[in-house]
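Numbering-wise, numbering that gives the first Met the number 0 puts 120 at position 121 of the sequence shown, and it's gapless, one number per residue. Just so you know, even glycine gets a beta-carbon here, dropped at the ideal spot from N, CA and C.
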Amino acid sequence: MAATLGPLGSWQQWRRCLSARDGSRMLLLLLLLGSGQGPQQVGAGQTFEYLKREHSLSKPYQGVGTGSSSLWNLMGNAMVMTQYIRLTPDMQSKQGALWNRVPCFLRDWELQVHFKIHGQGKKNLHGDGLAIWYTKDRMQPGPVFGNMDKFVGLGVFVDTYPNEEKQQEVMAQKRRYSPGVQRVFPYISAMVNNGSLSYDHERDGRPTELGGCTAIVRNLHYDTFLVIRYVKRHLTIMMDIDGKHEWRDCIEVPGVRLPRGYYFGTSSITGDLSDNHDVISLKLFELTVERTPEEEKLHRDVFLPSVDNMKLPEMTAPLPPLSGLALFLIVFFSLVFSVFAIVIGIILYNKWQEQSRKRFY
Ligand SMILES: [Ca+2]
Numbered sequence: 000m001a002a003t004l005g006p007l008g009s010w011q012q013w014r015r016c017l018s019a020r021d022g023s024r025m026l027l028l029l030l031l032l033g034s035g036q037g038p039q040q041v042g043a044g045q046t047f048e049y050l051k052r053e054h055s056l057s058k059p060y061q062g063v064g065t066g067s068s069s070l071w072n073l074m075g076n077a078m079v080m081t082q083y084i085r086l087t088p089d090m091q092s093k094q095g096a097l098w099n100r101v102p103c104f105l106r107d108w109e110l111q112v113h114f115k116i117h118g119q120g121k122k123n124l125h126g127d128g129l130a131i132w133y134t135k136d137r138m139q140p141g142p143v144f145g146n147m148d149k150f151v152g153l154g155v156f157v158d159t160y161p162n163e164e165k166q167q168e169v170m171a172q173k174r175r176y177s178p179g180v181q182r183v184f185p186y187i188s189a190m191v192n193n194g195s196l197s198y199d200h201e202r203d204g205r206p207t208e209l210g211g212c213t214a215i216v217r218n219l220h221y222d223t224f225l226v227i228r229y230v231k232r233h234l235t236i237m238m239d240i241d242g243k244h245e246w247r248d249c250i251e252v253p254g255v256r257l258p259r260g261y262y263f264g265t266s267s268i269t270g271d272l273s274d275n276h277d278v279i280s281l282k283l284f285e286l287t288v289e290r291t292p293e294e295e296k297l298h299r300d301v302f303l304p305s306v307d308n309m310k311l312p313e314m315t316a317p318l319p320p321l322s323g324l325a326l327f328l329i330v331f332f333s334l335v336f337s338v339f340a341i342v343i344g345i346i347l348y349n350k351w352q353e354q355s356r357k358r359f360y
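Listed below in structure tokens is the structure:
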């Protein structure tokens with residue numbers, strides 16, 4: 000898989016440096032590179048990255064608001080604070096979201112999410128987590144971590160409450176169910192949807208997940224990060240949650256087809272259980288990768304999200320554009336039908352006139 004991404008090793012090292020949380024270290028690095036503005040070269044001359052401000056969010060959150068001039072819009076209980084944006088407070092039945100107003104037309108990108116989940120709840124008495132989105136629709140509240148179900152696009156979930164496990168415990172007590180492979184929570188998973196699939200909340204999205212990993216992210220005294228990288232249709236999700244400034248692998252899926260022009264967003268929900276779900280920053284980088292002519296052909300734009308070699312139920316492809324012949328036949332028969340209808344109409348009208356004339360005399 001590293002082959003499709005080029006020199007991943009050196010890239011990762013670079014990324015660690017570039018995503019350094021320490022501002023002075025970053026500045027020093029930029030000074031050493033002698034370019035504070037231009038693109039950063041990553042790896043052996045194959046990948047460049049540019050921070051895209053229109054899709055990024057950082058303190059002091061000046062571009063956040065409700066107006067149409069804001070880059071980011073808030074929803075529900077989400078609130079802007081000085082040090083973070085709180086999607087939900089540690090209170091029951093809250094939901095909030097934050098959505099980028101500018102659609103993203105980049106082909107290859109990387110989204111770095113700096114977040115914090117914390118609260119009073121003890122083990123398994125907190126919830127429900129947060130989601131990061133790249134979807135067709137924005138600002139649509141719903142049951143999937145505060146966002147609409149049957150979404151179109153990509154959802155990455157940081158799920159802090161094991162609904163399925165709780166369900167299994169109840170079932171096991173009634174001796175009706177033997178627990179399967181258990182996932183340890185908090186758990187990160189990803190899902191690609193074409194609008195036909197429902198997120199199964201009771202099973203923590205297990206039937207539709209592309210992959211996942213355990214991520215112990217609650218109540219940590221150091222910063223926690225997640226990165227979603229989409230390069231050449233290859234989706235990679237990594238996390239930095241151990242306070243070591245290192246990316247740890249979580250999910251890798253090749254052949255993920257995501258249309259361009261979708262929106263980035265993040266959302267969260269609490270139910271009977273709650274947590275503070277905070278977003279500190281969202282940084283989107285455009286990644287410039289070289290493509291061979293074959294790859295250019297293969298990586299043509301798509302209209303619906305899909306994943307290669309993964310048959311999603313009720314998957315419906317968009318109608319293919321009409322061919323010239325089909326269009327001609329449709330127009331031709333429409334014309335014939337119209338003429339036929341007009342002739343019948345004229346005949347009927349004449350007959351009716353004749354009859355009324357006869358009645359008149
Ligand atoms: Ca859950």
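Practice task
Please report the residue range of the alpha helix (DSSP H) in which Leu297 lies.
Solution key: Working through the sequence shown from its first residue, we reach residue 297 at position 298. From DSSP, the alpha helix (DSSP H) with Leu297 extends over 292-297.
Practice task
Return the chain-ordered list of same chain residues with a C-beta closer than 6 Å to the C-beta of Tyr83, the five sequence neighbours on each side being excluded.
Solution key: Taking the sequence shown and counting its residues from 1, the one referred to as residue 83 is at position 84. Here the set comprises Asp277, Ile279.
Practice task
Express the C-alpha separation of Arg137 and Ser68 in angstroms, rounding to a whole number.
Solution key: Here the question's residue 68 lines up with position 69 in the sequence shown. Here the question's residue 137 lines up with position 138 in the sequence shown. Going from the Cα of Ser68 to the Cα of Arg137 covers about 16 Å.
Practice task
Verify the contact flag: Tyr160, CB atom, against every heavy atom of ligand 3, threshold strictly below 7 Å.
Solution key: Looking at this structure, you won't find ligand 3 anywhere; what it does contain is ligand 1.
Practice task
Starting from Val252, follow the beta strand (DSSP E) in both directions and report where the run begins and ends.
Solution key: As a position in the sequence shown, residue 252 is number 253, starting the count at 1. First-last of the beta strand (DSSP E) with Val252: 247-252.
Exercise for the section: Check whether the Cβ of Asp148 sits closer than 7 Å to any heavy atom of ligand 1, and report yes or no. Expected result: By one-based count along the sequence shown, residue 148 stands at place 149. Outside the cutoff, so no.
Problem - 6 Å Cβ shell around Lys135 - same chain, five flanking residues per side excluded - result: Residue mapping note: residue 135 aligns to position 136 of the sequence shown, counting from 1. Excluding sequence neighbours, Lys135 sits near Val151, Gly152, Tyr261.
Exercise for the section: Using only alpha-carbon positions, find the residue among Tyr198, Ala189, His244 that is nearest to Tyr229. Expected result: Here residue 229 is taken as the residue at index 230 of the sequence shown, counted from 1. For Tyr229, the nearest C-alpha among the options comes from Ala189.
Handout entry: Check whether Ala77 and Gly62 have beta carbons under 8 Å apart
Key = Mapped onto the sequence shown, residue 77 falls at position 78. Mapped onto the sequence shown, residue 62 falls at position 63. Cβ distance not < 8 Å, so Ala77 and Gly62 don't count as in contact.
Exercise for the section: Inspect the beta-carbon positions of Asp274 and His54 and report whether they are closer than 8 Å. Expected result: Translated into positions along the sequence shown, residue 274 becomes position 275. Translated into positions along the sequence shown, residue 54 becomes position 55. Going by C-beta atoms, Asp274 is not nearer than 8 Å to His54.
Practice task
Express the C-alpha separation of Val79 and Pro59 in angstroms, rounding to a whole number.
Solution key: Here residue 59 refers to the residue found at position 60 when the sequence shown is read from its first residue. Here residue 79 refers to the residue found at position 80 when the sequence shown is read from its first residue. Answer to the nearest angstrom: the Cα atoms are 9 Å apart.
Exercise for the section: Would you list, in sequence order, the uninterrupted alpha helix (DSSP H) runs of no fewer than 4 residues that lie entirely inside the region 86-112? Expected result: none
Exercise for the section: Within its chain, find whatever has a CB closer than 7 Å to the CB of Leu286; leave out the 5 residues flanking it on each side and keep chain order. Expected result: Residue mapping note: residue 286 aligns to position 287 of the sequence shown, counting from 1. The residues are Thr46, Glu48, Asp107, Trp108, Glu109, Val230.
Practice task
Might you give, ordered along the chain, the residues of its own chain that have their beta carbon closer than 8 Å to the beta carbon of Gly204, omitting 5 neighbours on each side?
Solution key: Looking up residue 204 in the sequence shown gives position 205. So the list reads Phe156, Asp158, Ser188, Met190, Tyr198, once near-sequence residues are dropped.
Handout entry: Segment contact, 8 Å Cβ cut-off, at least three pairs: the region 160-173 with the region 289-297
Key = no
Handout entry: Extent of the continuous alpha helix (DSSP H) to which Met309 belongs
Key = Counting from 1 along the sequence shown, the entry for residue 309 is found at position 310. Note, Met309: premise wrong, no alpha helix (DSSP H); not H, not E.
Problem - Alpha carbon of Thr207 to alpha carbon of Glu295, nearest angstrom - result: Along the sequence shown, read from residue 1 onward, the residue named residue 207 stands at position 208. Along the sequence shown, read from residue 1 onward, the residue named residue 295 stands at position 296. Each residue's Cα considered, the two are about 29 Å apart.
Exercise for the section: Might you give, ordered along the chain, the residues of its own chain that have their beta carbon closer than 8 Å to the beta carbon of Leu272, omitting 5 neighbours on each side? Expected result: On the sequence shown, position 273 is the one that residue 272 refers to. Closer than 8 Å at the Cβ level, and outside the excluded window around Leu272, lie Gln91, Gly120, Leu124, His125, Gly126, Asp127, Tyr160.
Practice task
Identify which residue in Leu56, Leu50, Gly66, Met74 has its Cα closest to the Cα of Ile268.
Solution key: As a first step, residue 268 is located in the sequence shown; it is residue number 269 there, counting from the start. It is Met74.
Practice task
Report yes if the C-beta distance between Leu129 and Ser266 is below 8 Å; otherwise report no.
Solution key: Looking up residue 129 in the sequence shown gives position 130. Looking up residue 266 in the sequence shown gives position 267. Closer than 8 Å, so yes.
Practice task
Report yes if the C-beta distance between Arg247 and Thr213 is below 8 Å; otherwise report no.
Solution key: For the purposes of this step, residue 247 is taken as residue 248 along the sequence shown, with counting starting at 1. For the purposes of this step, residue 213 is taken as residue 214 along the sequence shown, with counting starting at 1. Not in contact: Arg247 and Thr213 (Cβ atoms no closer than 8 Å).
Problem - Three-state secondary structure (DSSP) of Arg356 - result: Start at 1 with the first residue of the sequence shown, and residue 356 comes out as number 357. Helix at Arg356.
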